[in-house]
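A.B. asks: Just passing along the structure, written as structure tokens.
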Amino acid sequence: MPAPRPAPKVALNDGTQMPVIGLGTYQGNPLGKRLDSHVGQVQQAVMDALDIGYRHIDGALLYQNEEEVGAAVRAKIAQGVVKREDVFVCTKLWNNSHHPDAVERTCRKSLSNLGLDYIDLYLMHWPTAFKDGDDLTPKGPDGKVLFSSVDILDTWRAMEQLVRQGLVRSIGVSNFNAAQLRRLMDNCDIKPVVNQIECHPYLSQKPLLELCQQLGVRVVAYSPFGSPESDWSLGKVDRLLDDRTIAEVGKKHDKTPGQVILRYLVQRGAVPIPKSVTKSRIQENFNIFDFELSAQDMSILEALNKDRRMCPFLEGLGHPEYPF
Ligand SMILES: NC(=O)C1=CN([C@@H]2O[C@H](COP(=O)(O)OP(=O)(O)OC[C@H]3O[C@@H](n4cnc5c(N)ncnc54)[C@H](OP(=O)(O)O)[C@@H]3O)[C@@H](O)[C@H]2O)C=CC1
Ligand SMILES: O=C1CO[C@H](CO)[C@@H](O)[C@@H]1O
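Position 67 of the sequence shown, counted from 1, bears residue number 1365 in the working numbering, the numbering being contiguous throughout.
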């Protein structure tokens, strides 16, 4: 088999580079719960992806499969398929660890889960702090999620320390709105390199994408296919991957709807992180570097925007920093 051509890279504002497509690893499990039926799937998917040419893996402590991600990366290093420095590993600090005293400990926990000695990109998963502790979704007797008032800036300062200590190469945020991002940019020593947000043709995020571009913050586009299997988007009426207009654009280029969506995101300067545990789809999603959408195709796709959010994160509703 010829050696795969790895994905192209884009520059980040701290001088590092990020491969322009990543593999998502969230398994659609309800918040913080690991589904037994999924064990092992992500490990195989990450190994397949690295064989195919992916060099960027998106994970999170919340997904409870960092061990699988790390085992897959280490296996492919041992097989000589990749070197550690070729692979861009992202993971995220969960809401129950925003207190500055918890940040380093939690990062070390992710490093230990992954079995790696540094993380390429560490993200604050949400701007909404939950009560500190081991419980991923701490709840009171009334069943409501318990919040904490730790300031985003205090969590960020502790994350900056992780860069200085060499535990992580770059830091960024996820699910930050414009005001939160501006406040952070105005009050940090190390700028966030990315804002990872939901972004796809039904939620084009034009204003936030433009702001991020102005600020030099790369957008990473999560749920590029609208997260069809997740517990929070199941039942949403129109499935993005069944959209007729997207299929028609694809026909012109002999490409699938998924490939059109990913290409549209890349041409908008975003970095999509499609999730799949199916080898043929992992390959399909990677085959987006041999065609280009015309300006007319791009306008057709942009016109599909409905500001439809698939991931409303209802657990954070009522928090003063709830971003939507
Ligand atoms: N920062 C944040 O708050 C969030 C980050 N994320 C990140 O973004 C990643 C991607 O988003 P996610 O929500 O998982 O959903 P996606 O939009 O990536 O959709 C994944 C689903 O699409 C299916 N699929 C993948 N490729 C194809 C294809 N070519 N044709 C048809 N179906 C396909 C997958 O099936 P199968 O696997 O069975 O092949 C899976 O059911 C996550 O895995 C996670 O890493 C996601 C949500 C929130
Ligand atoms: O990354 C994520 C995956 O799904 C979760 C919901 O269960 C989201 O809250 C989270 O941001």
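Every residue, glycine too, gets a C-beta built ideally from N, C-alpha and C.
Considering only the alpha carbon of each residue, which of P1570, Q1594, A1593 lies closest to F1584?
C.D. replies: Walking along the sequence shown from the start, residue 1584 turns up at place 286. Nearest C-alpha to F1584: P1570.
A.B. asks: Helix, strand or coil: how does DSSP classify Y1352 here?
C.D. replies: Numbered from its first residue, the sequence shown carries residue 1352 at position 54. In the structure shown, Y1352 sits in coil (DSSP, three-state: anything other than H, G, I, E or B).
A.B. asks: Within 10 angstroms of the Cβ of D1595, are there 16 or more other Cβ atoms? Answer buried if so, exposed if not.
C.D. replies: Stepping through the sequence shown from its first residue, residue 1595 is reached at position 297. Buried, since its Cβ has 16 or more Cβ neighbours within 10 Å.
A.B. asks: List the endpoints of the continuous beta strand (DSSP E) containing D1418.
C.D. replies: Here residue 1418 is taken as the residue at index 120 of the sequence shown, counted from 1. Its beta strand (DSSP E) spans residues 1417-1422.
A.B. asks: L1434 and L1333 - do their beta-carbons sit closer together than 8 Å?
C.D. replies: Sequence index remark: in the sequence shown, residue 1333 carries index 35 (1-based). Sequence index remark: in the sequence shown, residue 1434 carries index 136 (1-based). No, these two residues do not count as a Cβ contact at 8 Å.
A.B. asks: Taking the DSSP output, what are the residues bridged to A1519?
C.D. replies: Within the sequence shown, residue 1519 is the residue found at index 221, counting from 1. BP columns for A1519 point to I1495, P1570.
A.B. asks: Just to confirm before moving on: does the CB-CB distance between Q1557 and E1582 stay below 8 Å?
C.D. replies: On the sequence shown, position 259 is the one that residue 1557 refers to. On the sequence shown, position 284 is the one that residue 1582 refers to. Against a cut-off of 8 Å, the Cβ pair of E1582 and Q1557 comes out as a contact.
A.B. asks: Using DSSP bridges, identify the partner residues of T1389.
C.D. replies: Here residue 1389 corresponds to residue number 91 of the sequence shown, with the count starting at 1. T1389 pairs with Y1420.
A.B. asks: What residues in its chain sit with their C-beta under 8 Å from that of P1439, if we drop five residues either side in the sequence?
C.D. replies: As a first step, residue 1439 is located in the sequence shown; it is residue number 141 there, counting from the start. Result list for P1439: empty, nothing under 8 Å.
A.B. asks: For K1489, does the three-state DSSP call read helix, strand or coil?
C.D. replies: Within the sequence shown, the letter at position 191 stands for residue 1489. K1489: coil per DSSP, three-state reduction.
A.B. asks: Starting from the C-beta of H1396, find all residues in its chain whose C-beta is less than 6 Å away, skip the five residues before and the five after it, and write them out in chain order.
C.D. replies: As a working mapping, residue 1396 is identified with position 98 in the sequence shown. Counting only Cβ-Cβ distances below 6 Å, and skipping sequence neighbours, we find A1427, V1448, T1453.
A.B. asks: Do W1454 and ligand 2 come close, with the Cβ less than 7 Å from some heavy atom?
C.D. replies: By 1-based counting over the sequence shown, the position of residue 1454 is 156. Every heavy atom of ligand 2 is 7 Å or more from the Cβ of W1454, so no.
A.B. asks: Between which two residues does the alpha helix (DSSP H) carrying V1367 extend?
C.D. replies: Residue mapping note: residue 1367 aligns to position 69 of the sequence shown, counting from 1. It spans 1364-1376 - the alpha helix (DSSP H) in which V1367 sits, taken as one unbroken run.
A.B. asks: Is S1528 close to ligand 2? I mean its beta-carbon at under 7 Å from any heavy atom of the ligand.
C.D. replies: Working through the sequence shown from its first residue, we reach residue 1528 at position 230. Yes, the Cβ of S1528 comes within 7 Å of a heavy atom of ligand 2.
A.B. asks: What does the alpha-carbon distance come out to for the pair M1345 and R1516?
C.D. replies: Against the sequence shown, residue 1345 aligns to sequence position 47. Against the sequence shown, residue 1516 aligns to sequence position 218. Straight-line Cα distance between these residues: approximately 26 Å.
A.B. asks: Mind listing, in chain order, the continuous alpha helix (DSSP H) runs of no fewer than 4 residues lying wholly within the stretch 1578-1604?
C.D. replies: 1593-1600
A.B. asks: Among the candidates G1548, E1383, Q1362, whose CA atom is the shortest distance from the CA of Q1341?
C.D. replies: Numbered from its first residue, the sequence shown carries residue 1341 at position 43. Among G1548, E1383, Q1362, the Cα nearest to that of Q1341 belongs to Q1362.
A.B. asks: Tell me the residue span of the alpha helix (DSSP H) that contains A1400.
C.D. replies: Indexing the sequence shown from 1 puts residue 1400 at position 102. Start and end: 1398-1412.
A.B. asks: Does the distance from the C-beta atom of L1391 to that of V1379 stay below 8 Å?
C.D. replies: Start at 1 with the first residue of the sequence shown, and residue 1391 comes out as number 93. Start at 1 with the first residue of the sequence shown, and residue 1379 comes out as number 81. In this structure, V1379 does not lie closer than 8 Å to L1391 by Cβ.
A.B. asks: How about V1491 and S1468: do their beta carbons lie closer than 8 Å?
C.D. replies: As a first step, residue 1491 must be located in the sequence shown, where it is residue number 193. As a first step, residue 1468 must be located in the sequence shown, where it is residue number 170. Cβ distance < 8 Å, so V1491 and S1468 count as in contact.
A.B. asks: Below 8 Å on the Cβ atoms is my contact criterion, and I expect I1544 with P1526 to pass it. Report the Cβ-Cβ distance as a whole number of Å.
C.D. replies: By 1-based counting over the sequence shown, the position of residue 1544 is 246. By 1-based counting over the sequence shown, the position of residue 1526 is 228. The Cβ separation is near 14 Å, so there is no contact.
A.B. asks: From this set, M1608, I1450, P1572, which residue's C-alpha is nearest P1522's C-alpha?
C.D. replies: The count along the sequence shown starts at 1 and reaches residue 1522 at position 224. It is P1572 whose Cα lies nearest to the Cα of P1522.
A.B. asks: Buried or exposed, going by whether 16 or more other CB atoms sit within 10 Å of the CB of R1537?
C.D. replies: The residue given as residue 1537 occupies position 239 in the sequence shown. Exposed, because fewer than 16 other Cβ atoms sit within 10 Å of the Cβ of R1537.
A.B. asks: Name the one or two DSSP bridge partners that F1611 has.
C.D. replies: On the sequence shown, position 313 is the one that residue 1611 refers to. None; F1611 has no bridge partner.
A.B. asks: Which term fits L1451, buried or exposed, when burial requires 16 or more other beta carbons within 10 angstroms of its beta carbon?
C.D. replies: Your numbering for residue 1451 matches position 153 in the sequence shown. Exposed, because fewer than 16 other Cβ atoms sit within 10 Å of the Cβ of L1451.
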